[in-house]
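Heads up, the thing below is written out as structure tokens.
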Amino acid sequence: MILQAKWKNKNWGPIRTAANGGSFAGDYSGLNGLNFRVCLTGGHCGKGAW
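In this note's numbering, the protein residues as written are 347 to 396.
The following block contains the structure:
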């Protein structure tokens, strides 16, 4: 699985990867306007958090 982020209306970009059932632990609390979504390795992505 791939965790993607979009910041300040830029394009989605990968920031972390994890095995199925793994963790995307990280601290992004200092970045305002950051949105996340998860994608499967095959390319199907979920909707952004907001």
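The beta carbon of each residue, even a glycine, is placed where N, CA and C say it ideally should be.
- By a beta-carbon distance limit of 8 Å, Trp358 does not contact Leu380. Their separation comes to about 12 Å.
- In the DSSP assignment, Ala351 falls within the unbroken beta strand (DSSP E) covering Ile348 to Trp353.
- Here Ile361 is actually not in contact with Thr387; their C-beta atoms are around 15 Å apart, not less than 8 Å.
- Nearest to Ser369 by alpha-carbon distance, out of Lys393, Asn378, Val384 and Gly394, is Val384.
- It is roughly 17 Å from the alpha-carbon of Lys356 to the alpha-carbon of Cys391.
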